[in-house]
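A short worksheet on the structure shown next.
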Amino acid sequence: MSANAPTQAITPQLRQWIVEQAQSGHAPDVVLKAMRDAGWDEDVAIEAMESTLREHLAQSAPRTQTGPGSALPPAATVPEPALEASPLYIDAVDRRVHVLSVQSQPRIVVFGDLLSAEECEALVGLARPRMARSRTVATKTGGEEINVDRTSDGMFFQRGETDLITRIEARIAALLRWPLENGEGLQILRYGPGAEYKPHYDYFDPAEPGTPSILKRGGQRVGTLVMYLGEPERGGGTVFPDVHLEVAPKRGNAVFFSYDRPHPSTRTLHGGSPVLAGEKWIATKWLREREFA
Ligand code: PD2
Ligand code: ZN
105 MSANAPTQAI TPQLRQWIVE QAQSGHAPDV VLKAMRDAGW DEDVAIEAME STLREHLAQS
165 APRTQTGPGS ALPPAATVPE PALEASPLYI DAVDRRVHVL SVQSQPRIVV FGDLLSAEEC
225 EALVGLARPR MARSRTVATK TGGEEINVDR TSDGMFFQRG ETDLITRIEA RIAALLRWPL
285 ENGEGLQILR YGPGAEYKPH YDYFDPAEPG TPSILKRGGQ RVGTLVMYLG EPERGGGTVF
345 PDVHLEVAPK RGNAVFFSYD RPHPSTRTLH GGSPVLAGEK WIATKWLRER EFA
């Protein structure tokens with residue numbers, strides 16, 4: 105709250121109104137603007153929205169994906185780099201990408217030198233003026249929400265938005281042998297000291313009511329490529345708790361993982377550890393089953 109703003113109480117009525125807005129699909133920015141127009145201090149309004157939606161999610165019925173009689177969702181084809189001959193590097197259109205580590209179940213591959221230092225800097229430079237507090241897709245409504253588990257700032261590029269982005273997207277498509285058209289636009293995230301991304305799955309939970317609407321555009325996510333654009337001094341690794349793996353966020357490197365069904369059995373739970381010193385920047389490319397038009 106700004107220093108001289110009077111204290112504003114977050115009443116049960118306000119909380120109910122916030123939940124109703126989210127359920128009817130209003131974007132967080134729209135709700136925030138309505139609150140500011142009604143005289144709410146911006147920081148109080150954000151806190152009210154975040155705490156209300158967090159509590160609301162926690163109170164929702166527990167999800168059972170693995171209960172007796174519930175079959176696993178069917179497996180999909182996933183992106184897969186050409187690793188059959190145990191290569192030390194893969195030539196991906198215009199760049200020789202190093203293969204630093206490979207794991208099969210779950211499929212997790214660490215790449216070195218996927219991006220040059222100049223490309224990393226250029227992406228950060230393009231993104232920096234457009235950064236805003238991160239939002240993720242709200243699977244309850246199919247809209248967007250401020251994600252209380254993510255304390256980074258972020259933005260999305262359109263696919264093919266600049267020549268640089270087109271070149272990088274073509275490189276990724278060749279590296280992962282997955283159609284460029286099936287990729288979402290690059291997401292850029294910046295984590296300052298203390299910022300983290302709590303462990304989560306990148307696929308859309310089939311049990312959430314908003315998921316069918318999200319899947320109309322391109323189907324499920326089946327793979328993720330996290331590229332490190334800016335390294336912190338300490339902390340900020342990408343962790344996979346189920347397999348006790350931590351990938352160091354080294355600039356130009358990337359970690360790829362795939363998941364053939366939207367289910368925890370893929371063991372692709374992952375998160376971004378808190379940045380302990382410095383700043384971490386990443387670009388994430390999510391791969392869908394079909395064209396993401
Ligand atoms: O920043 C990361 O390391 C990270 C961790 C978990 C990024 C993502 N997920 C993501 O972009 O999905
Ligand atoms: Zn993720």
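Residues in the sequence shown are numbered consecutively from 105, following this note's numbering. All C-beta atoms, glycine included, are put in the ideal place defined by N, C-alpha and C. Remember, predicted model here, so these are calculated numbers, not experimental data.
Asked                                                                                                    : Found
D257 Cβ short of 6 Å to ligand 2 heavy atom set                                                          : no
Cα-Cα separation, K439 to T255                                                                           : As shown, the chain starts at 105 and ends at 397. That puts residue 439 outside it, with no answer to give.
Buried/exposed call for K302, threshold 16 Cβ in 10 Å                                                    : exposed
Any non-hydrogen atom of ligand 2 within 6 Å of D306 CB                                                  : yes
Euclidean distance between Cα positions of P177 and F308                                                 : 12 Å
Cβ shell of W390 (< 6 Å), same chain only, five flanking positions each side left out                    : E288, R325 and T328
Nearest residue (CA-CA) to P366, options P345, V359 and A311                                             : A311
Every unbroken beta strand (DSSP E) inside the stretch 258-334 [3 residues or more]                      : 291-295, 301-304 and 325-334
Contact set for G171: own chain, Cβ-Cβ below 8 Å, skip 5 residues either direction                       : Its pLDDT being 47, under 50, G171 is placed unreliably by the model, and the measurement read from it follows with that caveat. Around G171: no qualifying Cβ.
Selection from T266, D364, P185 and R392 that minimises the alpha carbon distance to A179                : D364
CB of V214 within 7 Å of CB of L204, strictly                                                            : yes
CA-to-CA distance, L319 to G216, given in whole angstroms                                                : 32 Å
Touching by the beta-carbon criterion (3+ pairs, under 8 Å), the stretch 267-275 and the stretch 370-383 : no
Buried or exposed (CB count within 10 angstroms, at least 16 for buried), E335                           : buried
Beta carbon of L280 nearer than 7 Å to that of P185                                                      : yes
Three-state secondary structure assigned by DSSP to T181                                                 : coil
Where V228 sits in the DSSP three-state scheme                                                           : helix
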